[in-house]
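Novice: My questions will all concern the structure given below.
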Amino acid sequence: MLLPKLYTVICSTTLLIKSIGAYHSRQFFTVNSFEQFCINYCNEKLQQFFNERILKYEQELYKKEGLGVPEITYVDNQGCIDLIEAKTNGIFTLLDEESKLPKPSYTHFTGEVHKAWPSEYRIGLPRSSKLKAHRSIRDDEGFLIRHFAGAVCYQTKYFIEKNNDALHASLESIIQESKNKLIETLFSTSMAQKGKLTFVSVGSKFKTQLGELMEKLKSNGTNFIRCIKPNNKMVDHQFDGSLSLMQLKCSGMISVLELMEYGYPSRTSFADLHSMYKEYLPKELKQLNPKTFCETRKIC
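With the UniProt record's numbering as the guide, the letters of the sequence shown map in order to residues 1 to 300.
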């Protein structure tokens, strides 16, 4: 219970103070459970934020300025995010519904996920995995999600148990009264209400806290550091070129470089540009306001 909260507080503090988003494209192992599912959901949200800030808004600005920059296409991962967080049939919602049952079953939960998304190409059966170890998983024991950076097969055996790993509401309300600054910070946004027995799952808290973090990031000027995995062997001094190129393509970096090639990364204000040439201009042009002067130069 404490570790996820500590991780959230430390990460959000680092991201907000430095205004830097540093993240990997995805996390996957031979056995992927609820932890990897939450981390990859977070990566999907960060990737969407990256796409909007660097690719979408930048191109909208070019169109507004009439610069004639060719349109750069990129993969929109909103469908994958909807698959996870949709209010009616998202995986988090289905998991919470299963967790509230008198006798929850991970196989029943897995079946409900496949039933809710029968024609969605982003989710599939474990047998469709490229890894041999995953193809032996039964249909009701897991699902495969095609994330923006590649497919990950999740085994759902401990999803319900880990989703319910939360403090009792009355105990959490007592902890909220602590005078310790660290404890006070960790539980300042707790959803527990004193005297009430409410079910707030780990997944629901994670989604809410991630949403708050994304809103804060959107309100700040943000820079990005893209982390590239050099090899799959987890060893140093080995660089796999094809693996790195694949990650650059999936993360949208190739599209960003293409946009930078056609776009205008170096900018200056109208006032600065006008003052740069003002003393050399004839009287008629010198009297123009900076914006009109720049537009006149563009026409000429």
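For each residue, glycine too, the CB sits at the ideal point set by N, CA and C.
Mapping the DSSP letters down to three states, classify Leu210 as helix, strand or coil.
Specialist: Collapsing the DSSP output to three states places Leu210 in a helix.
Novice: Determine, using beta carbons only, whether Tyr74 and Asn51 come nearer to each other than 8 Å.
Specialist: Against a cut-off of 8 Å, the Cβ pair of Asn51 and Tyr74 comes out as a contact.
Novice: I'd like to know whether the C-beta atoms of Tyr154 and Gly142 end up nearer to each other than 8 Å.
Specialist: Contact: yes.
Novice: Output the boundary residues of the beta strand (DSSP E) element that contains Gln238.
Specialist: Here Gln238 belongs to no beta strand (DSSP E), and DSSP marks it neither H nor E.
Novice: Taking only the alpha-carbon atoms, compute the straight-line gap between Cys250 and Leu243 and give it to the nearest angstrom.
Specialist: 11 Å
Novice: For the region 219-285, list the alpha helix (DSSP H) runs that are entirely contained and at least 4 residues long, ordered along the chain.
Specialist: 241-250, 253-262, 270-277
Novice: So, under 8 Å CB-CB, Tyr57 and Gly263 are touching, yes? Tell me the CB distance rounded to an integer number of Å.
Specialist: Between Gly263 and Tyr57 the Cβ distance is about 12 Å, and since that is not below 8 Å, they are no contact.
Novice: Count the other C-beta atoms from every protein chain shown that fall within 10 angstroms of the C-beta of His237, then say buried if there are 16 or more, exposed otherwise.
Specialist: exposed
Novice: Just to check my reading of the structure: Ser129 and Ala151 have Cβ atoms closer than 8 Å, yes? What is that Cβ distance to the nearest angstrom?
Specialist: 7 Å
Novice: Once you ignore the five residues that flank Phe239 on each side, which residues in its own chain have a CB closer than 6 Å to its CB?
Specialist: Pro230
Novice: According to DSSP, which residues form a beta bridge with Val152?
Specialist: Ile145
Novice: From Glu71 to Asn77, what does the alpha carbon distance come to, in whole angstroms?
Specialist: 18 Å
Novice: What does a CB cutoff of less than 6 Å around Leu182 pick up in its chain, not counting 5 residues either side in sequence?
Specialist: none
Novice: Can you tell me which of Pro265, Val69, Phe109, Leu248 puts its alpha carbon nearest to the alpha carbon of Arg226?
Specialist: Leu248
Novice: Consult DSSP for Ile72 and reduce its assignment to one of helix, strand or coil.
Specialist: coil
Novice: If you draw a straight line from the alpha carbon of Arg122 to that of Ile145, how long is it in whole angstroms?
Specialist: 6 Å
Novice: Confirm the yes/no value for this check: CB of Ala116, any heavy atom of the ligand MG, distance under 7 Å.
Specialist: With respect to small molecules bound, the structure shown includes none, and the ligand MG cannot be examined in it.
Novice: Please go through the region 34-90 and give each complete alpha helix (DSSP H) segment of 4 or more residues, from N-terminal end onward.
Specialist: For the region 34-90, whole alpha helix (DSSP H) runs of length 4 or above, ordered along the chain, are 34-50, 57-65, 78-85.
Novice: Note down, in chain order, each residue of its chain lying with its Cβ closer than 6 Å to the Cβ of Ile81, except the 5 sequence neighbours on either side.
Specialist: Glu44
Novice: From the DSSP secondary-structure annotation, give me the bridge partner or partners of Ile123.
Specialist: Ile145
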